[in-house]
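J.: The structure follows.
Printed below as a string of structure tokens:
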């Protein structure tokens with residue numbers, strides 16, 4: 020890789036680190052408000068280290084007349100996320116006095132909006148650390164939206180190419196300039212966060228808890244300010260606010276922009292939005308009724324509890340309202356399956372994304388029709404767009420390597436001594452971005468603290484691979500990438 024290209028990449032990473040250093044002012048101000056100045060010097064030290072490193076990368080300047088090629092952007096995307104996670108771990112390392120492995124795992128989980136945690140005793144933890152964890156979710160969520168909308172389609176990775184073709188009746192109008200789209204998306208993201216904070220506060224949370232959970236919910240992250248997660252707040256209104264916020268975070272943000280620009284039915288006309296909402300509604304009613312029949316609860320309460328947990332898993336948020344692994348084998352298997360689905364493309368949610376399941380159904384139906392009518396010309400369309408060979412190949416490739424990644428990480432985890440349930444569900448939950456796994460160790464009532472360091476590093480790699488749509492990272496690891 021040429022030196023000017025490395026300088027540009029270093030310049031951009033430096034900007035990210037400077038932004039991260041400035042973001043540390045939020046927990047510092049929080050500590051001052053709550054009169055917890057004992058942790059202030061640790062955040063200040065972490066911020067200065069991050070700031071100096073960022074300035075060292077920015078001060079040489081950006082070379083003129085040098086532009087990044089797609090292969091350079093694969094490298095930039097992967098390295099920038101890793102660099103941010105490395106420095107975001109510093110406050111956790113200095114204040115919690117945990118190993119760097121644990122600090123990096125926690126920061127990777129935060130930035131990738133996974134929600135897996137190694138920390139316990141959250142109810143009495145420093146407010147600076149709590150707000151920092153939620154802020155990492157929030158920053159990672161908006162960062163992923165920007166990447167999914169602007170970078171991944173250029174690299175022919177991800178699903179947004181399927182929703183930004185010339186045949187779209189609103190794509191050219193909704194995105195006249197990329198910087199205008201970024202401004203709209205940021206404004207929408209901030210607005211939903213503020214509304215969510217007010218909603219949680221009005222429902223019964225304290226202002227501090229409300230802000231934390233709003234940032235965690237819109238980013239579909241899952242970090243809470245309590246070890247009990249949402250179960251700490253018994254008010255039904257809190258639970259329904261969380262459901263609404265998780266759904267809002269899992270919808271395509273470009274469609275929010277389209278709605279603001281006059282296309283009022285843009286969200287409803289989108290096939291993946293209808294599919295996600297339909298899936299949630301059917302699962303709430305069906306699974307909720309099953310839970311009502313097996314639990315001593317009113318039907319409305321059963322539906323509410325199921326709605327929170329199902330929405331949390333489907334949108335890969337990771338909030339929990341009680342330990343749903345205690346509901347029986349059927350619920351455990353169902354939640355395991357639901358964790359693979361994910362939200363919509365162009366949202367903060369992880370997973371396979373629901374549009375890939377819908378496209379797979381279109382292809383299956385077309386193939387079956389072709390078998391019945393061999394000479395017929397079967398149209399394959401999704402969301403009003405034709406499914407060309409490139410899109411189909413991209414979906415098949417991603418789905419295959421998504422599955423292989425989970426299988427390889429799970430196999431590696433068993434080598435560290437973990438049982439197969441912890442290994443398989445841990446690999447799946449981190450790659451999908453759900454957060455908690457299954458079993459008594461990493462289930463909704465546990466955490467990842469007791470896992471060996473080797474397992475935590477493998478799971479951290481899984482979080483990064485899942486968040487960056489796997490292919491983006493794998494390309495950088497191929498010998499052909501480094502060959503001139």
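Residue numbers (the working numbering): 20 to 503.
Even glycine gets a Cβ: it sits at the ideal position worked out from N, Cα and C.
#1: Taking the continuous alpha helix (DSSP H) assigned at residue 47, which residues delimit it?
#2: Starting from residue 424, trace the alpha helix (DSSP H) in both directions and tell me its first and last residue.
#3: Using only CA atoms, which one of 126, 89, 491 lies nearest to residue 240?
#4: Residue 51 to residue 60, Cα distance in whole Å?
#5: Let me confirm a value: residue 393 is counted as buried when at least 16 other C-beta atoms fall within 10 Å, else exposed. Which label applies?
#6: Is the beta carbon of residue 490 less than 8 Å from the beta carbon of residue 417?
#7: So residue 91 is in the alpha helix (DSSP H); what residue range does that whole segment cover?
#8: Within a Cβ cutoff of 7 Å, which residues of the same chain sit near residue 223, ignoring the five residues on either side of it in sequence?
#9: Given a threshold of 16 other Cβ atoms within 10 Å of its Cβ, counted over all protein chains shown, does residue 225 qualify as buried or as exposed?
#10: Please state whether the Cβ-Cβ distance between residue 364 and residue 235 is less than 8 Å.
#11: Distance check for residue 466 and residue 138, CA to CA, integer angstroms please.
#12: Entirely within the region 291-343 and at least 4 residues each: give me those alpha helix (DSSP H) ranges in chain order.
#13: Quick one: what's residue 405 bridged to in DSSP?
#14: Which of the three DSSP states is assigned to residue 444 in this structure?
#15: Let me know the secondary structure DSSP gives residue 451 once reduced to three states.
#16: Pick helix, strand or coil for residue 380, following the three-state DSSP scheme.
#17: Which residue marks the beginning of the alpha helix (DSSP H) containing residue 355, and which one marks its end?
#18: Is the distance from the Cβ of residue 327 to the Cβ of residue 312 below 8 Å?
#19: If residue 333 and residue 306 are in contact, beta carbons under 8 Å, what's the gap, nearest whole angstrom?
#20: Apart from the five residues on each side of it in sequence, which residues of its chain come closer than 7 Å, Cβ to Cβ, to residue 371?
#21: Less than 6 Å between C-beta atoms, sequence neighbours within five positions excluded: which residues of the same chain meet that for residue 111?
#22: Between the region 292-311 and the region 212-223, are three or more C-beta pairs nearer than 8 Å?
#23: Classify residue 349 as buried or exposed, calling it buried when 16 or more other Cβ atoms lie within 10 Å of its own Cβ.
#24: Can you tell me which of the three DSSP states residue 125 falls into?
#25: Quick check: the Cα distance between residue 201 and residue 355, rounded to an integer number of angstroms?
#26: Which of the three DSSP states, helix, strand or coil, is assigned to residue 372?
#27: Report the rounded CA-to-CA distance for residue 270 versus residue 238, giving the unit in angstroms.
#28: Give the secondary structure of residue 280 by DSSP, where H, G and I count as helix, E and B as strand, and everything else as coil.
#29: Going by C-alpha distance, which of 461, 453, 462 is nearest residue 129?
#30: Round the Cβ separation of residue 164 and residue 211 to the nearest angstrom and send it over; I've been treating them as touching at under 8 Å.
#31: If you follow the alpha helix (DSSP H) that residue 62 is in, where does it begin and where does it stop?
#32: Measure from the alpha carbon of residue 368 to the alpha carbon of each residue in 99, 166, 43, 96, then state which is nearest.
#33: When the Cα atoms are used, what is the spatial distance from residue 411 to residue 395?
#34: Answer with buried or exposed for residue 188, where buried requires no fewer than 16 other C-beta atoms within 10 angstroms of its C-beta.
#35: Under 8 Å, Cβ to Cβ, is there at least one residue of chain E near residue 395?
T.: Walking through what the data contain:
#1: First-last of the alpha helix (DSSP H) with residue 47: 44-52.
#2: Unbroken alpha helix (DSSP H) run through residue 424: 408-434.
#3: Distances from the CA of residue 240 to each of 126, 89, 491 were compared; the closest alpha carbon is that of 126.
#4: Between the alpha carbons of residue 51 and residue 60 lies a distance of about 11 Å.
#5: The residue is exposed, with fewer than 16 neighbouring Cβ atoms inside 10 Å.
#6: Contact flag set, yes.
#7: 89-107 is the extent of the alpha helix (DSSP H) around residue 91.
#8: The residues 252, 254, 256, 257, in chain order, have a CB closer than 7 Å to that of residue 223 in the same chain once the five nearest residues on each side in sequence are set aside.
#9: Residue 225 comes out exposed.
#10: Against a cut-off of 8 Å, the Cβ pair of residue 235 and residue 364 comes out as no contact.
#11: Cα to Cα, the separation comes out at about 7 Å.
#12: Segments of the alpha helix (DSSP H) lying fully in the region 291-343: 318-333.
#13: BP columns for residue 405 point to 400.
#14: Reduced to three states, the DSSP call for residue 444 is helix.
#15: Annotated three-state conformation of residue 451 is helix, per DSSP.
#16: The answer is helix: DSSP assigns residue 380 an H, G or I state.
#17: Per DSSP, residue 355 belongs to the alpha helix (DSSP H) from 348-357.
#18: Taking 8 Å as the Cβ cut-off, residue 327 and residue 312 do not qualify as a contacting pair.
#19: No, residue 333 and residue 306 are not in contact; Cβ-Cβ is about 11 Å, not under 8 Å.
#20: Excluding the 5 residues flanking it on each side, residue 371 has same chain C-beta neighbours closer than 7 Å at 359, 360, 361, 418, 421, in chain order.
#21: Here residue 111 has 122, 125 as same chain residues with Cβ atoms under 6 Å from its own Cβ, once five neighbours each way along the sequence are excluded.
#22: Because the criterion of three Cβ pairs below 8 Å is not met, the region 292-311 and the region 212-223 do not touch.
#23: Looking at its Cβ environment, which holds fewer than 16 other Cβ atoms inside 10 Å, residue 349 is exposed.
#24: Residue 125 falls in the helix class under three-state DSSP.
#25: So the two alpha carbons sit approximately 34 Å from each other.
#26: Coil.
#27: Linking residue 270 to residue 238 through their CA atoms gives a straight-line distance of about 11 Å.
#28: Secondary structure at residue 280: coil, using DSSP grouped into helix, strand and coil.
#29: Of the candidates 461, 453, 462, the residue whose Cα lies closest to the Cα of residue 129 is 453.
#30: Not quite, the Cβ-Cβ distance comes to about 12 Å (not below 8 Å), so this is no contact.
#31: For residue 62, the uninterrupted alpha helix (DSSP H) run begins and ends at 59-77, by DSSP.
#32: Relative to residue 368, the option among 99, 166, 43, 96 whose CA is nearest is 166.
#33: Their backbone Cα atoms lie some 20 Å apart in a straight line.
#34: Only weak support is given to the placement of residue 188: the predicted model assigns it a pLDDT of 37, under 50, and the question is left unresolved by the model.
#35: Going by chain labels, chain E is absent from the structure shown, which holds only one protein chain.
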